[in-house]
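Per the numbering used here, the very first residue in the sequence shown carries number 600; after that it's consecutive. The structure appears below as C-alpha cells.
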Amino acid sequence: MLDEKVSRKLKRGVWIYFFLLIFEGALRKWVLPSLAEPLLIIRDPLALWMIFIAFKYNLYKPNSYVLLMWAVTVLAFSLALITGHGNIQVALFGLRITAIHFPLIFLIGNIFNKDDVLSLGKIVLWMNIGMTFLVAVQFYSPQSAFVNRGIGGDLDGSGFGGAAGFFRVPGTFSFTNGLAFFYGLAAAFVFYFWIAKNSNKSFKILLISSTMALMAAIPLSISRTVLFQILLTFVFMLIISGINLRIIPKIVIAVLAAGLMFTTMKDISFFKTANNAFTERFTSANKTEGGMEGVFVDRFLGGMYGALTDESFPFWGMGMGMGTNAGAKILTGKRSAGVFLISEGEWGRIIGEMGVILGFVVIMIRISLVLHLIRKAWGAIGQGNVLPWMLLSFGMFIILQGQWAQPTNLGFGVLIGGLILASFNQTE
600 MLDEKVSRKL
610 KRGVWIYFFL
620 LIFEGALRKW
630 VLPSLAEPLL
640 IIRDPLALWM
650 IFIAFKYNLY
660 KPNSYVLLMW
670 AVTVLAFSLA
680 LITGHGNIQV
690 ALFGLRITAI
700 HFPLIFLIGN
710 IFNKDDVLSL
720 GKIVLWMNIG
730 MTFLVAVQFY
740 SPQSAFVNRG
750 IGGDLDGSGF
760 GGAAGFFRVP
770 GTFSFTNGLA
780 FFYGLAAAFV
790 FYFWIAKNSN
800 KSFKILLISS
810 TMALMAAIPL
820 SISRTVLFQI
830 LLTFVFMLII
840 SGINLRIIPK
850 IVIAVLAAGL
860 MFTTMKDISF
870 FKTANNAFTE
880 RFTSANKTEG
890 GMEGVFVDRF
900 LGGMYGALTD
910 ESFPFWGMGM
920 GMGTNAGAKI
930 LTGKRSAGVF
940 LISEGEWGRI
950 IGEMGVILGF
960 VVIMIRISLV
970 LHLIRKAWGA
980 IGQGNVLPWM
990 LLSFGMFIIL
1000 QGQWAQPTNL
1010 GFGVLIGGLI
1020 LASFNQTE
C-alpha cells in the first residue's frame, strides 16, 4: 500500500516535470520575469527529490548505464576542479546534467506505464492546438507585443532570425529550439494515434484538430527542424507498415487527411504569408548550409566525427560545465546568450569538457542506450506495440546528440527517453 502511495507521488512528480518543461519559458518571460535566471533550473530540485524518494522507498535501483555515468561524473567533476577551470559553481552546473537528470530517464521508465504515456500524449494533442494558436499570434505580432517578450521581460522580443520580415517565434519556451522539440514530440503522438485503435468520435475530432495544428505549425514556426522532425516521424511510420500490413489502410487515411488539410490551408490568405516566409527561409538557409544534406549532416549529426578527431581539446578536458551557456557566462562575465567556450555541437562539448577518455565513455553510453531502445522498440512491433517505435522517431537524435547543456534540450531528452522506456510497460 505504501509503495502504491509513493508510486502515485512519483507519477505526479513526472507530470509536474512535464508541465514545467512546457511552461518554464512562460514563467521566465511573462509570469516571473524577475526570477528568470533561477527558473532556468526549476526542474533540478524536482528531479533530485524524485530520485531521493525512489531510493528511500527502494522503488528504483540504478542500472549499469546510471552507475557508469555517475562514476564518470565524479571523475570529471574532480578533474574540472584540479586540472580544469577550477570554478565549483560551473562544475556543479555541468554535474547536474549527468548526475541528476540522466538517471531520471530510467526512473520515469520504471514508474510510468503505457497507459500513463498515452494519457500524456492526449494532453500533448490538446497542447499542440493551443501552442499553434499562440505561435500564430506571435508570428503576426510585433516584437514589442507582450506575447513576444523575451527572457526576463526583455522588450526587444524573443523572436529569432526568420525571413520575409517575420521572426521564428518560441511559443511558451525561452527559445525557438524548445518549440521545435515540442512539435517533434507532438508529431510522434499525432502519427501514433492515427494508426492506433480508437473508435471514440470525440477523440477523432481532437486528433484531426491537432493534426491541422501540426500542419499549420510548419510555416508559422518558420523552422526547418519542425519540418524535418515531422518527415522523420512519417518515415518511421512507413517502416513499420512493411511489418504490420494491417496498419497500411490507416497510414493511407492519415496521409490523405494530412495532405487534404495542408492543401486546404495553403490557399487561405492567413497561411499564405507564413508559407511564403517559410519558403524564403528554407531556400536561403539551404543555400547557406549546402542543401538538406548539409543541414542533416551539420545539425543532426552534430559534427560527431569532428568532435572525435579534434586535437585542440586537452586530453583531460577543460572542465565540466564550461561548455554550457551558463558556465560561459559565469567564467567570462558576459551576459549575452549563445556564448560557446568549447563547442556548439554536443559531442564536441562533451569531449572538450571531460577530455578524450571520459568524454568518449559518455558518448558511448548515449550511443549504447539508443541502440538498446532501437532493438527493444523493433521487437515490440512484433508484439503489437508500435508506441515505442513512434516515440523513438523523436527521441533517437535528442538522446544520441541533443545539446543537453541547454536545459530545455536536456528536459526533452530526459522526458522522451523515460516515455520510450515506459511505453514498454504494458498494463494488464
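C-beta atoms are modelled at their ideal positions from N, C-alpha and C, and glycine is treated no differently.
Check: Please list the terminal residues of the continuous alpha helix (DSSP H) segment that includes residue 827.; Outcome: 823 to 840
Check: If we ignore side chains and look at the alpha-carbon of each, how far apart do residue 1012 and residue 926 end up?; Outcome: 20 Å
Check: Let's test the definition: count the other Cβ atoms within 10 Å of the Cβ of residue 663 and tell me whether it reaches 16, buried, or not, exposed.; Outcome: exposed
Check: Can we say the region 696 to 713 touches the region 1002 to 1012, given the rule of at least three CB pairs closer than 8 Å?; Outcome: yes
Check: Grab me the residues of residue 901's own chain with a C-beta within less than 7 Å of its C-beta, minus the 5 sequence neighbours each way, in chain order.; Outcome: Unreliable placement is indicated for residue 901, whose pLDDT of 49 sits below 50; the coordinate value is still reported in the next sentence. Excluding sequence neighbours, residue 901 sits near 944, 945, 946 and 1000.
Check: Which runs of the beta strand (DSSP E) fall wholly inside the region 720 to 804 and span at least 3 residues, in chain order?; Outcome: 759 to 762 and 765 to 767
Check: For residue 852, count the other beta carbons within 10 Å of its own beta carbon; 16 or more makes it buried, fewer makes it exposed. Which is it?; Outcome: exposed
Check: What's the call for residue 697, buried or exposed, on a 16-neighbour Cβ count within 10 Å?; Outcome: buried
Check: Check whether the region 711 to 728 and the region 674 to 686 touch, using three or more Cβ-Cβ pairs below 8 Å as the test.; Outcome: no
Check: With a cut-off of 8 Å, do at least 3 Cβ pairs link the region 768 to 784 to the region 619 to 630?; Outcome: yes
Check: When DSSP labels each residue in this structure, what does residue 1025 get in the three-state scheme?; Outcome: coil
Check: When the Cα of residue 1019 is compared with those of 959, 706, 953 and 815, which residue comes out closest?; Outcome: 706
Check: Report buried or exposed for residue 867, applying the criterion of at least 16 other Cβ atoms within 10 angstroms of its Cβ.; Outcome: exposed
Check: Cβ atoms of residue 989 and residue 791: under 8 Å apart, would you say?; Outcome: yes
Check: In this structure, does DSSP put residue 702 in helix, strand or coil?; Outcome: helix
Check: Which word fits residue 982, buried or exposed, when buried means at least 16 other C-beta atoms lie within 10 angstroms of its C-beta?; Outcome: exposed
Check: Check whether the Cβ atoms of residue 1017 and residue 654 sit closer than 8 Å, and answer yes or no.; Outcome: no
Check: In three-state terms, what does DSSP make of residue 858?; Outcome: helix
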